[in-house]
Amino acid sequence: MKTLSFRVILGLVALAMGSCAFARPALAAISVVASTTDLADIAKQVGGDRVTVYSIARLNQDLHMIEPRPSDVLRIKRAGLVVRVGMDLDLWMDALLNAASNANVNRGGRGYVDASVGIRKLEVPQEQITGASGDIHVYGNPHYWLDPLNGEIISANILEGLKRVSPADASYFERNRNAFLTALRSAMRRWQEKLGPYRGRKIVNYHDAWPYFVRRFNLKVLGCIEVKPGIPPTTSHVASLIERIKAEKQPVVIADAAYYPDKAAKTIAARTGAKFVIIPSSVGGTKGADNYISLFDHIVDSLVKAFSTH
Ligand SMILES: [Zn+2]
Numbered sequence: 000m001k002t003l004s005f006r007v008i009l010g011l012v013a014l015a016m017g018s019c020a021f022a023r024p025a026l027a028a029i030s031v032v033a034s035t036t037d038l039a040d041i042a043k044q045v046g047g048d049r050v051t052v053y054s055i056a057r058l059n060q061d062l063h064m065i066e067p068r069p070s071d072v073l074r075i076k077r078a079g080l081v082v083r084v085g086m087d088l089d090l091w092m093d094a095l096l097n098a099a100s101n102a103n104v105n106r107g108g109r110g111y112v113d114a115s116v117g118i119r120k121l122e123v124p125q126e127q128i129t130g131a132s133g134d135i136h137v138y139g140n141p142h143y144w145l146d147p148l149n150g151e152i153i154s155a156n157i158l159e160g161l162k163r164v165s166p167a168d169a170s171y172f173e174r175n176r177n178a179f180l181t182a183l184r185s186a187m188r189r190w191q192e193k194l195g196p197y198r199g200r201k202i203v204n205y206h207d208a209w210p211y212f213v214r215r216f217n218l219k220v221l222g223c224i225e226v227k228p229g230i231p232p233t234t235s236h237v238a239s240l241i242e243r244i245k246a247e248k249q250p251v252v253i254a255d256a257a258y259y260p261d262k263a264a265k266t267i268a269a270r271t272g273a274k275f276v277i278i279p280s281s282v283g284g285t286k287g288a289d290n291y292i293s294l295f296d297h298i299v300d301s302l303v304k305a306f307s308t309h
């Protein structure tokens, strides 16, 4: 009898704890729609179990070229928070935001987060932009999430957005963000140690997506296979890149995301002996790169492997 009542009490306690743990997100979770998988992951780290997160970009897509689905409009209609890359990278978000007409998450709404606010922007064009400039972005190079330290600014912007939407959860979000920063900073030391011996080494990329990354890790971009962002390679452009790689004293590594055409990269590698490696440029870009920190583990390890065996 005594044992039974003890069990009953245990059961009631478990039930009460269970309902606390599960009722909260089910009833009150903030629906976050991010334009990319990188922003979605950081939003998940900061929002914890008080958010549900969705990324409009799928795994391994060219982020300039996303074609949203009608169901994405519905998601934004119901969203409490929208997070975008900004700097004209995800211009396709504007059509979605217009179609959804959810004032809370539209530009200026409390649930609107442009993750680029406060980023030290690279490659801001000085000259007049014309059609000949290619897909160049007037606000500078928008691939800023590829400097892991910019994760601090991105997470700060997301934190502010979440606090505006749900002030009662402010200290919970702040704790989560601090835990994210601690993990990011300790990973940063690991990445810097690994890449340290390769200071000054040069890489070639199909698309000009890596200036933030190379600046952080003291590497250099020798050149891009695209003539200009969004303008595919020409024979003469590839030929001049081959000459420049041949003129280098140290071997060059060609590093690209899997979704870019690899024909020119393979030609260049064959003519110069440059090593060609596929590296992810967003969360989900390769197996195991399933969050913002493991993304850089994959990038760094792939580059170290290429530099050290070459
Ligand atoms: Zn780009």
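Oh and the sequence shown: position 43 is 42 in numbering that gives the first Met the number 0, straight run, nothing missing. Glycine residues also receive a C-beta, built at the ideal position from the N, C-alpha and C atoms.
What's the call for residue i, buried or exposed, on a 16-neighbour Cβ count within 10 Å?
i, result
"Gly287", "exposed"
"Ala56", "buried"
"Lys43", "buried"
"Met64", "exposed"
"Gly272", "exposed"
"Glu66", "exposed"
"Ser54", "buried"
"Leu148", "exposed"
"Ala305", "buried"
"Arg188", "exposed"
"Ser313", "In this structure the chain extends from 0 to 309, so residue 313 is not present and cannot be described."
"Ser34", "buried"
"Asp93", "exposed"
"Ala39", "buried"
"Glu225", "buried"
"Asn217", "exposed"
"Val137", "exposed"
"Ala268", "buried"
"Gly117", "exposed"
"Arg200", "buried"
"Ser70", "exposed"
"Ala167", "exposed"
"Ser235", "exposed"
"Ser165", "buried"
"Asn156", "buried"
"Ala254", "buried"
Kindly examine ligand 1 and report whether one of its heavy atoms sits closer than 6 Å to the Cβ of residue i.
i, result
"Pro228", "yes"
By Cβ distance, which residues of its chain are closer than 6 Å to residue i, with the 5 residues on each side in sequence left out?
i, result
"Ala78", "Ser30, Val32, Val104"
"Tyr259", "Tyr205"
"Val123", "Gly139"
"Arg270", "Ile241"
"Ala99", "Val72, Ile75, Lys76"
"Gly160", "Leu80, Val112"
"Gly85", "Asp113, Ser115"
"Ile244", "Val251, Thr271, Ala273"
"Arg106", "none"
Once DSSP output is grouped into helix, strand and coil, what is the label at residue i?
i, result
"Ala257", "coil"
"Ile29", "strand"
"Phe216", "coil"
"Asn97", "helix"
"Leu302", "helix"
"Asn204", "strand"
"Asn290", "coil"
"Val52", "strand"
"Ile224", "coil"
"Ile241", "helix"
"Val45", "helix"
"Lys274", "strand"
"Leu80", "strand"
Which residues in the same chain have their Cβ closer than 7 Å to the Cβ of residue i, if we skip the five residues on either side of it in sequence?
i, result
"Ser280", "Leu145, Ala208, Ala256"
"Ile292", "Ala182, Leu183, Ala186"
"Val299", "Trp190, Lys193, Leu194"
"Ala178", "none"
"Pro232", "Ile224, Glu225, Val226, Ala263"
"Asn290", "Asp40, Val282"
"Thr285", "Pro279, His297"
Should residue i be counted as a contact of ligand 2 given a C-beta to heavy atom distance under 6 Å?
i, result
"Asp146", "This structure lacks ligand 2; its bound ligands are ligand 1."
Short of 8 Å in beta carbon distance, which residues of its chain neighbour residue i, apart from the five on each side in sequence? Order them along the chain.
i, result
"Asn175", "Gln44, Val45, Gly46, Gly47"
"Val303", "Lys193, Leu194, Tyr197"
"Leu121", "Gly139, Asn140, Tyr143, Pro210, Tyr211, Arg214"
"Thr51", "Pro24, Ala28, Ile29, Ser30, Val31"
"Arg163", "Arg109, Gly110"
Exercise. Can you give, in chain order, each stretch of the alpha helix (DSSP H) that sits fully within the region 99-172 and has at least 4 residues?
Worked result: 149-164
Exercise. Can you give, in chain order, each stretch of the beta strand (DSSP E) that sits fully within the region 179-204 and has at least 3 residues?
Worked result: 201-204
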